[in-house]
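Note sheet for the following structure.
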Amino acid sequence: MAKGKVDALLGIVFGDEGKGKVVDCFTPKYDIVARFAGGPNAGHTIIFEGKKFVLRSIPSGIFDEGKVNIIGNGCVIAPDLFMAEAKELEAAGYDLKSRLHISKRAHLILPTHRVLDRAYEAAKGKNKVGTTGKGIGPTYSEKAARTSLRVGDILENFSEKYAALKSRHEQILKDLHYTDYDITEEERLWLEGVEYMKSFPLTDTEIELHKALKAGKSVLAEGAQGTMLDIDHGTYPFVSSSSTCSGGVCTGLGVAPNAIGEIFGIFKAYSTRVGSGPFPVELFDETGDKIREIGNEYGAVTGRNRRCGWVDLVALKYAIALNGVTQLIMMKSDVLDTFDTIKACVAYKKDGVVTEDMPYDTEGWEAVYEELPGWKTDLTGLTSPDQFPKAFQDYIDYLEKALETPITIVSVGPDRAQTISRA
20 MAKGKVDALL GIVFGDEGKG KVVDCFTPKY DIVARFAGGP NAGHTIIFEG
70 KKFVLRSIPS GIFDEGKVNI IGNGCVIAPD LFMAEAKELE AAGYDLKSRL
120 HISKRAHLIL PTHRVLDRAY EAAKGKNKVG TTGKGIGPTY SEKAARTSLR
170 VGDILENFSE KYAALKSRHE QILKDLHYTD YDITEEERLW LEGVEYMKSF
220 PLTDTEIELH KALKAGKSVL AEGAQGTMLD IDHGTYPFVS SSSTCSGGVC
270 TGLGVAPNAI GEIFGIFKAY STRVGSGPFP VELFDETGDK IREIGNEYGA
320 VTGRNRRCGW VDLVALKYAI ALNGVTQLIM MKSDVLDTFD TIKACVAYKK
370 DGVVTEDMPY DTEGWEAVYE ELPGWKTDLT GLTSPDQFPK AFQDYIDYLE
420 KALETPITIV SVGPDRAQTI SRA
């Protein structure tokens, strides 16, 4: 039997593109859906049959009864938040324990990691990164420092390991003069979550994946955040703490580069960003407010306002090259239905310099735009590319030519049924 392949679905700008919906739509084509990076700061929203779910740590293929879902070694997990998320799905009738496997090599977010997150952010003063406060950065930092705990640690002598790391965190917080916190109830739920996690298959997921691929099975790797938040290639230091690019699929799941097949790059028909950091296409006017309101651009986990702007071709070209994107998926096209004019950022300018390449630091750069006519048509009821208004088809053609990559799927609404294939 021919070896299987791992296809990857990646956010290629600042995240929040709608990966959950697309993974949910793709799942019937795959045997396994696996998360390879990130933690409970990533809210993947899925809407179908009048129901809405926001997944934070659990892969978005969880709704398909016949599929295995994996939380890979590259992820970080908060047991209390995982328990709350899983129990909500179980209450809705989904049998998670038969279809969700967790890597023993994934790292654990402790309650004191979340306190450290707040303390570190407070210490930055005006230079705050804008983290979600979920403890993700401190956990990945300790992973690199080789001092954190992993899921496999809960299976043996865990109380001693936990007490030692908690004590270390408390000393750091004392040194930072950050002592006004109380994690009593949070810790109780966290420890309850640890026991709950033991009822799931805690496995060597990389070995599981190797065997599946050898047997010819197909895997969909589900990304979190986006390329511009990658710890190496994003707008550092205003980034996430993990590798969000296609290379992260290999390290975060333990699969080889030659196992990677298609790389789907998902982006919105416009741009958004959450938190601090440079954002050259950001709109501070009524147009930006209008995009935010029509697109409901508020964080699925935090509720924070997303900063909005026109589509950024500089960032997209950079991300496509970094990831080796083979197919593009354009989301939330319907949000631009009422605009007379649509703009696209084709370059950045600063101090008389114009560039189409991503600068080392995008702070202070301004967007250079080209204008296109809007389509002024409600796209939400369309079901086929044959029904696209000419101006919308022209917009797609314009993007494909500029990005030199085919747009094979277009989303025209939040429901899984509002997903149109152009392949």
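Quick note: the sequence shown uses my numbering, first residue 20, plus one each step.
We put the beta carbon where it would ideally sit given N, CA and C, even for glycine.
From a predicted model like this one, the values you see are computed outputs, not experimental measurements.
So, with DSSP's three-state summary, where would you put residue i?
i: Q346; result: strand
i: K24; result: coil
i: E423; result: coil
i: Y113; result: coil
i: K336; result: helix
i: A142; result: helix
i: L29; result: strand
i: I415; result: helix
i: R448; result: Because residue 448 is not part of the residues shown, which for the chain are 20 to 442, the question remains open.
i: S430; result: strand
i: V300; result: coil
i: I173; result: helix
i: T64; result: strand
i: Y317; result: strand
i: L398; result: coil
Candidates the options: which alpha carbon is nearest residue i's?
i: V9; options: T198, S79, P299; result: The structure shown does not extend to residue 9, since the chain spans only 20 to 442, so no value can be given for it.
i: V258; options: L127, E206, A421, F33; result: F33
i: A240; options: F82, G39, I173; result: G39
i: Y337; options: R54, P378, V213; result: P378
i: P47; options: N60, N88, R54, Y197; result: N88
i: G383; options: I121, I282, V372, G393; result: V372
i: H229; options: V293, T381, G273, E161; result: G273
i: A340; options: M247, E312, E206; result: M247
i: R54; options: G432, K71, I81, K420; result: I81
i: N92; options: F358, A275, A421, G57; result: G57
i: I31; options: Q437, F286, P297; result: F286
i: Q346; options: E281, L302, D353, L391; result: E281
i: V73; options: P433, R187, E204, S440; result: P433
i: K22; options: A278, A105, I415, T131; result: A278
i: K368; options: Y414, G284, K106, D380; result: D380
i: A410; options: D356, Q437, A421; result: D356
i: L28; options: T263, D331, P404; result: T263
i: Y255; options: K217, F219, G294, S218; result: G294
i: Y113; options: T131, G85, V95, R187; result: G85
i: L208; options: E175, R323, A97; result: A97
i: K71; options: S237, Y49, D43; result: D43
i: E161; options: A183, L422, T151, H126; result: H126
Along the alpha helix (DSSP H) that carries residue i, what are the first and last residues, could you check?
i: I250; result: No alpha helix (DSSP H) holds I250; DSSP gives it neither H nor E.
i: F101; result: 98-110
i: E36; result: From DSSP, E36 is part of no alpha helix (DSSP H); its letter is neither H nor E.
i: I155; result: 155-164
i: C327; result: Taken as a continuous stretch (DSSP letters only), C327 belongs to no alpha helix (DSSP H), being part of the beta strand (DSSP E) at 326-328.
i: C269; result: 266-272
i: S259; result: Where S259 is concerned, there is no enclosing alpha helix (DSSP H), given that its DSSP letter is neither H nor E.
i: E305; result: 305-314
i: K48; result: Looking at the DSSP string, K48 is not in any alpha helix (DSSP H), and its letter there is neither H nor E.
Among residues of its own chain, excluding the 5 on either side of residue i, which ones have a beta-carbon nearer than 6 Å to its beta-carbon?
i: M20; result: Because the pLDDT at M20 is just 43, under 50, the model does not fix this residue reliably, and the point stays unresolved.
i: M13; result: With the chain covering only 20 through 442, there is no way to say anything about residue 13.
i: M102; result: G212, Y215
i: L100; result: P59
i: K78; result: Lys is not the amino acid found at residue 78; the sequence shown has Pro there. Result list for P78: V52, R54, N88, E241, in chain order.
i: I415; result: I426
i: R137; result: G152
By the DSSP assignment, the beta strand (DSSP E) with residue i in it spans what residues?
i: A366; result: 360-369
i: I89; result: 87-90
i: V10; result: Look at the range of the chain in this structure, 20 to 442, and you will see that residue 10 is not part of it.
i: K71; result: 70-74
i: Y388; result: 385-392
i: R292; result: 290-292
i: D280; result: Here residue 280 turns out to be Gly, not Asp, going by the sequence shown. Here the beta strand (DSSP E) through G280 covers 279-287.
i: I121; result: 119-122
i: V372; result: 372-374
i: I439; result: 438-440
Excluding the five sequence neighbours on either side, which residues of its own chain have a C-beta within less than 7 Å of the C-beta of residue i, listed in chain order?
i: A366; result: V333, V373, T374, E375, V387
i: T455; result: The structure shown does not extend to residue 455, since the chain spans only 20 to 442, so no value can be given for it.
i: Q419; result: The sequence shown places Glu at residue 419, not Gln. The residues are P425, I426.
i: G393; result: L355, F358, D359, T360, I361, A410
i: S261; result: A56, G57, G93, Y159, I250, G267
Measure from the C-beta of residue i to each C-beta in chain C and report whether the shortest distance is under 7 Å.
i: L28; result: Looking for chain C here will not work: only one protein chain is present.
Please return the same chain residues whose Cβ sits closer than 8 Å to the Cβ of residue i, not counting the five positions on each side in sequence.
i: Y417; result: A363, L391
i: E385; result: P299, Y367, K368, K369
i: L232; result: K22, G23, K24, V25, V238, V274, A278
* At which residue ranges does the region 183-242 contain complete alpha helix (DSSP H) runs of 4 or more residues, listed in the order of the chain? -> Considered as a whole, the region 183-242 harbours 203-216, 224-233 as its complete alpha helix (DSSP H) runs of no fewer than 4 residues, in chain order.
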